[in-house]
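Participant: Take this structure, written in structure tokens, and hold onto it; I'll ask about it next.
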Amino acid sequence: MKLDEVARLAGVSRTTASYVINGKAEQHRISQATQDKVMAVVRAHNYQPDRQAAALRGALSHTFGLIVPDLENPSYARMAKLLEWQARQAGFQLLVTCSDDEPQTEKDLAMMLKGRRVDALIVASCLPLEDDFYLRLHQDLPVIGVDRSLPAPLIYVSSENKASSFRLTQTLACAELEQAWLIAAAPDLGISLEREQGFVKALEKTGVPYQVLYGERFERQTAFRLLTELDPVDWHRPQAIVTTAFVLLEGVLDYFYQHEAQLPPRLRLGTFGDHRLLDFLSSPINTIAQDHHILTQQVLTLTLDAVRGNYRSGHYPIPRILHKR
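First residue of the sequence shown: 1, per full-length UniProt numbering; consecutive thereafter.
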């Protein structure tokens, strides 16, 4: 499909369609109704720009942009380090930025990186899937999602979530278990929903009562607050907690060390993410972790293909590694 066809199907001029697709609608005072018509055609027909033609029109800058939500998160720090090294080996520099999981900050960073003429943008996005920001930006440069989903037809590479949550939860479920909790954050993110679905499926299969608790942000204070707000629980009975991020597990540990001075011996714990120090705790904590090497290799391969004119739309799931202690 060409831009002329998008314009014809949307009932607008080619220039108007171009302004909307390239994120210049507000600058040219194009109504929201017109923007919606154009983007509906783009989504319905998976409109893709001609990347090979674009490459011929301008030389590459040999830089990629990366936006992650939290550089203090060990998983994202590891991901950024590997992507930087792999990009450097391929002759590209990686510009690393952090959104702090703030949607407007993320958009501002994306536009800044576009202004720096990066050849592609890699992003772990906190935007809801219904936001078409990256569909518009993609008309100017390839956009590749990592760890978190992006709207079709954009590429995103992520570690598997629903099946991984199911597997992790199954390692904690047993006949004597009285109750299980899922400590989660950012309920609007697709990965959060997938992890919740896997948790629920595992417990409904075993018949164990459960409760899902959500906070706004992936922070250790989030988990601490959610546990503090619970009705009184006898943690010395057989209970289980699954956290959807390692930083939330840290908040769970903070809570028990403050209120119990130790982890209750009958409490069963599992988390997304892993750390070597967990091997040295007297209380076993099961984990399901990302394979960062395979994940980042897949991201870089798809990114290099995209800047060479071969944008391979779709979701590329990467299996996680289960560690039972």
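Note that the Cβ used here is the ideal one computed from N, Cα and C, for glycine as well. Computed from a prediction, not measured in an experiment: that's the story for all the values here.
List the whole-angstrom C-beta distance separating G198 from F224, where the pair is believed to meet the contact cut-off of C-beta under 8 Å.
Facilitator: With a Cβ gap of about 24 Å, G198 and F224 do not count as contacting.
Participant: Taking the CB atoms as reference points, tell me whether R312 and I155 lie closer together than 8 Å.
Facilitator: For R312 and I155, yes; Cβs fall inside 8 Å.
Participant: Is the segment 171-184 in contact with the segment 199-219, if contact means three or more CB pairs nearer than 8 Å?
Facilitator: Touching, yes.
Participant: Please look up how many angstroms separate the CB atoms of L95 and G115, rounded, as I've assumed it's under 8 Å.
Facilitator: So it is not a contact: roughly 11 Å between Cβ atoms.
Participant: Can you tell which of V118, R8 and E5 has the C-alpha that lies nearest to the C-alpha of V307?
Facilitator: Of V118, R8 and E5, the residue nearest in Cα terms is V118.
Participant: Let me check one thing: in DSSP terms, what residues is V212 bridge-paired to?
Facilitator: In the DSSP output, where bridge partners are listed per residue, V212 has L182.
Participant: For D254, I'd like the list of residues in its chain whose CB is within less than 7 Å of its CB, leaving aside the five on either flank, ordered along the chain.
Facilitator: Same-chain partners within the cutoff: R220 and F224.
Participant: Under three-state DSSP, which class holds R268?
Facilitator: In the structure shown, R268 sits in a strand (DSSP, three-state: E or B).
Participant: Given 8 Å as the limit, is there contact between the segment 72-92 and the segment 105-113, that is, 3 or more CB pairs closer than that?
Facilitator: No, the segment 72-92 does not touch the segment 105-113.
Participant: Do you know how far the Cα of L129 is from the Cα of H138?
Facilitator: Going from the Cα of H138 to the Cα of L129 covers about 15 Å.
Participant: Return the first residue and the last residue of the alpha helix (DSSP H) that T169 is part of.
Facilitator: Where T169 is concerned, the enclosing alpha helix (DSSP H) stretches over K162 to Q170.
Participant: Less than 8 Å between the CB atoms is what I'm expecting for E106 and L127, so what's the real figure, rounded?
Facilitator: Sure, about 7 Å apart at Cβ, within 8 Å.
Participant: Per DSSP, which residues does P317 bridge with? Please list them.
Facilitator: P317 pairs with S158.
Participant: From L168, H259 and L304, pick the residue whose C-alpha is nearest to that of L269; which is it?
Facilitator: Among L168, H259 and L304, the Cα nearest to that of L269 is on L168.
Participant: For N161, which residues from the same chain have a beta carbon less than 6 Å from its beta carbon, with the 5 sequence-adjacent residues on both sides left out?
Facilitator: Hits under 6 Å: I191, E194 and R195.
Participant: How about the segment 269-279 and the segment 240-251: do they share at least three Cβ pairs that are nearer than 8 Å?
Facilitator: The segment 269-279, when compared against the segment 240-251, does touch it at the 8 Å Cβ threshold.
Participant: Between which two residues does the beta strand (DSSP E) carrying I21 extend?
Facilitator: Per DSSP, I21 belongs to no beta strand (DSSP E); it is in the alpha helix (DSSP H), R14 to I21.
Participant: Out of M1, R325, F92 and V233, which has the shortest C-alpha to C-alpha gap to A288?
Facilitator: The question names Ala, but residue 288 in the sequence shown is Ile. Checked all of M1, R325, F92 and V233; the closest Cα to I288 is R325.
Participant: In terms of DSSP beta bridges, what is G190 paired with?
Facilitator: The partner list for G190 (beta bridge, DSSP) is empty, contrary to what the question assumes.
Participant: Just list the residues that DSSP pairs L121 with in beta bridges.
Facilitator: Looking at the DSSP assignment, L121 forms a beta bridge with G65 and V143.
Participant: Return the residue from the list R237, Q239, H236 and G215 that minimises the CA-CA distance to E229.
Facilitator: For E229, the nearest C-alpha among the options comes from G215.
Participant: By the 10 Å Cβ neighbour count, where 16 or more other Cβ atoms means buried, how is S31 classified, buried or exposed?
Facilitator: S31 should be labelled exposed.
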